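Chain order of the listed sequences is L and F. For the first sequence, my numbering begins at 11 and goes up steadily by one. For the second sequence, my numbering begins at 11 and goes up steadily by one.
There are 2 protein chains.
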Amino acid sequence: MKWEDNVRKTVPYVAGEQPNKAGMIKLNTNECPYPPAPEVGKLLREIDPSALRLYPDPNATLLTDALAEYYRVDPGQVFVGVGSDDVLAMAFLTFFQGGRPILFPDITYSFYDVWAKLYRIPYKTCALDGSWHICPEDYEQPNGGVIFPNPNAPTGILEDLETVERIVRANRDVVVIVDEAYIDFGGKSALPLLKKYDNLLIVQTFSKSRAMAGMRIGFAIGSKKLIGYLNDVKFSFNSYTMNLPAQVLGVAAVRDDAYFKETVGKIVATRERVKESLRELGFSFPDSRANFIFASHKEYSAEQLFRALREDEIYVRYWNKPRISNSLRITVGTDEQMDRLIASLKEYQDKRRRCPE
Amino acid sequence: MKWEDNVRKTVPYVAGEQPNKAGMIKLNTNECPYPPAPEVGKLLREIDPSALRLYPDPNATLLTDALAEYYRVDPGQVFVGVGSDDVLAMAFLTFFQGGRPILFPDITYSFYDVWAKLYRIPYKTCALDGSWHICPEDYEQPNGGVIFPNPNAPTGILEDLETVERIVRANRDVVVIVDEAYIDFGGKSALPLLKKYDNLLIVQTFSKSRAMAGMRIGFAIGSKKLIGYLNDVKFSFNSYTMNLPAQVLGVAAVRDDAYFKETVGKIVATRERVKESLRELGFSFPDSRANFIFASHKEYSAEQLFRALREDEIYVRYWNKPRISNSLRITVGTDEQMDRLIASLKEYQDKRRRCPE
């Protein structure tokens, strides 16, 4: 036998590329186009380097307390991790252990099946309907757990709280995870449902609306019981996941609510404006409530538009996958960035009209 | 059925307490008593807060390159994670999948059995000999993988490279992990063995000798094949584990080799001096090559000494566990801190001699 026979082989998730060119426009990984709250930069400069010699607080108490205060829950209802991917991976490992297949939409965040495979959790996907909505009745079959993003990715479609509650209510014997990475851009969080359902876990992130993808902070809110189980697994994996700067700067980001709301407001305004411009250019798309638009064009393939934009150093996300291969996921950037995107698309259209292929 | 029936239940690792009192002496989690390299503090102030809005480099290229250069290996041989606990947990999940029990010493880092239980990996412990050394012949039985720290924890005992090589050579059909968290304090790393063995994984950390426990940086070096498998699992778990400050400051720490050697030299000198003082006080201990001493007293129990030191606000580590419950693990701090420790122990001894219980 060779040592390689003992190795867990996986097909890893492939993240959006991270190009780093001067002048490029990066609209491919749903980052926030605005910097983090001013207090974040200020506290970054105030960190005492000699404090780095000590282990950080394993419970990230200041950060969980700040989140608990902000979301008006008990600190024991909050769990933090190294980005929401860390939180979600821990939740898969903790909660989806029933042996029966877990359920999630067929078109969704592409990490779900990767985690299921990594942890050998059986899964079954439920097809979105013709208008890209979740069909709640699909989640009323026997299962080992449920997860879906709201708004969904990469469609940007928001389900109303009634639909979310219907799914949670129908699945009291398993854990239901609502992945709210994009909820701040116009959705209604499932947080109020926590009062009624102790099997609901809500996951959010600092990477989008709080402009801190580079700090890796995600969090989950659920019943104290649920969070307790999650912490047991986390403390069986790595006691100290959140480094000192993440804890300090995370608190700063939560505290500046005015800046947060201003930033989110600007992104939402830009998104609505861009929807108009894209429609005029012949694009159609689900009505996104996230910080991206999932657009397809009536004449040009997503792949050719993706390549054309790339030549103009504008990066958007394209997947060569069934059902979604004719759409581009375009992150909402600043007004200036989106003007350049629209101009580039218009130019491509003009060129193609002058000389069709 | 209740949702709790689907939950993975674990008994988590309990880390050393993290008290935070003015004037206390913290010798309980093997942190470095000196601050990180000056360049770390400088670069911390130079991080552009607006860069935090972007995802960090998922490959932590600058950091893996700096480590590859320092240890004279190919960058493809280096893996980085959120502290060596993250690296080790990923390695357990990746490499210990053969179904047969993995082997590690009975007295060792107390996270190994926690990871094994978390990932449902069968394991078997091999007893250290009477002088706390590893018996290499114990690792010549059929197994699904091997892991041991060198120097071992909490004993501080170093095995020579011949013993390490004997174990690696006898286990070519599985992965052998040498956990070198404390190697910089006087041990010989197994790095040269990498030329001969592609089944050897060496794990180190920035938390001890590089004074950056608060940044959470650990790393592994092995054959490109081994590191490739580890990366596949890591990218199936969380694409972006290392936040921007960790990547930037990690590079700064690696580059300042003079400071690193000076710091380590001071700790080693203090350790040797403290060994003398402890011996004079009636302590005995294995000859530590780490940044801690695992000491037991001929008259007083570890538990009573632990409590007495605590009253003087001196924190050391004590485990109420078979075979090790009569020893204290004392981290080597600064000379001043160790003088206070010795004085406190002497005072306790004097008091007890005057009025025996």
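Every residue gets a Cβ at the ideal spot worked out from N, C-alpha and C, and that includes glycine. Treat the numbers as computed from the prediction; the structure is a model and nothing was measured.
Simplified DSSP assignment, three categories, for residue i
i	result
Tyr119(L)	coil
Tyr133(L)	strand
Ala230(L)	strand
Phe105(F)	helix
Ile352(L)	helix
Pro159(F)	strand
Leu168(L)	coil
Leu138(F)	coil
Gly93(F)	helix
Phe114(L)	strand
Val88(L)	strand
Phe192(F)	The residue asked about is misnamed: residue 192(F) is Tyr in this sequence, not Phe. It is coil, neither helix nor strand.
Asp183(F)	coil
Ala76(F)	helix
Gly154(L)	coil
Pro366(L)	coil
Gly197(L)	coil
Asn16(L)	helix
Pro146(L)	helix
Pro202(F)	helix
Ala223(F)	helix
Between the CA atoms of residue j and residue i - distance to the nearest angstrom
i	j	result
Lys244(F)	Leu98(F)	11 angstroms
Val264(F)	Ser287(L)	50 angstroms
Leu319(L)	Val326(L)	8 angstroms
Asp242(L)	Arg299(F)	33 angstroms
Asn336(L)	Arg362(L)	18 angstroms
Val174(L)	Lys206(L)	13 angstroms
Leu351(F)	Tyr44(F)	17 angstroms
Pro146(L)	Ile177(L)	6 angstroms
Ala279(F)	Thr341(F)	13 angstroms
Glu14(L)	Leu103(F)	13 angstroms
Tyr23(F)	Val185(F)	24 angstroms
Tyr65(F)	Pro59(F)	13 angstroms
Phe216(F)	Ala78(F)	15 angstroms
Lys234(F)	Val156(F)	19 angstroms
Gly260(L)	Tyr119(L)	24 angstroms
Leu73(L)	Ala61(L)	17 angstroms
Glu7(F)	Thr165(F)	This structure cannot speak to residue 7(F), because chain F is shown only from 11 to 367.
Asp360(L)	Leu291(L)	11 angstroms
His307(L)	Tyr328(L)	13 angstroms
Test item: CB-CB of residue i and residue j under 7 angstroms
i	j	result
Gln87(F)	Ile237(F)	yes
Asp297(F)	Glu49(F)	no
Thr251(L)	Val124(F)	no
Leu113(L)	Asn153(L)	yes
Asp95(L)	Asn248(F)	yes
Ser199(L)	Val274(L)	no
Arg182(L)	Asn209(L)	yes
Ala70(F)	Val83(F)	no
Ile144(L)	Glu172(L)	no
Ala256(F)	Leu53(F)	no
Ser354(L)	Ile334(L)	no
Asn40(L)	Gly108(F)	no
Leu240(L)	Met100(L)	yes
Tyr129(F)	Pro111(F)	no
Pro161(L)	Tyr192(L)	yes
Asp116(F)	Thr135(F)	yes
Ala305(F)	Phe293(F)	yes
Pro85(F)	Ala25(L)	no
Met222(F)	Val284(F)	no
Phe195(F)	Gln214(F)	no
Residue i - containing beta strand (DSSP E), residue span
i	result
Arg339(F)	Leu338 to Thr341
Ile187(L)	Val186 to Asp189
Gln214(L)	Leu210 to Thr215
Gly260(L)	Note, Gly260(L): premise wrong, no beta strand (DSSP E); alpha helix (DSSP H) at Leu254 to Arg265.
Terminal residues of the alpha helix (DSSP H) in which residue i lies
i	result
Ile177(F)	Leu171 to Arg179
Residue i at chain C interface by Cβ criterion, 7 angstroms
i	result
Asp189(F)	Here the protein chains are L and F, and chain C is not one of them.
Next on the checklist: Suppose only complete runs of 4+ residues qualify. What are the alpha helix (DSSP H) ranges in the region 272-327 of chain F, listed by chain order?
Outcome noted: 312-321
Checklist entry - At which residue ranges does the region 24-72 of chain F contain complete alpha helix (DSSP H) runs of 4 or more residues, listed in the order of the chain? => result 48-56
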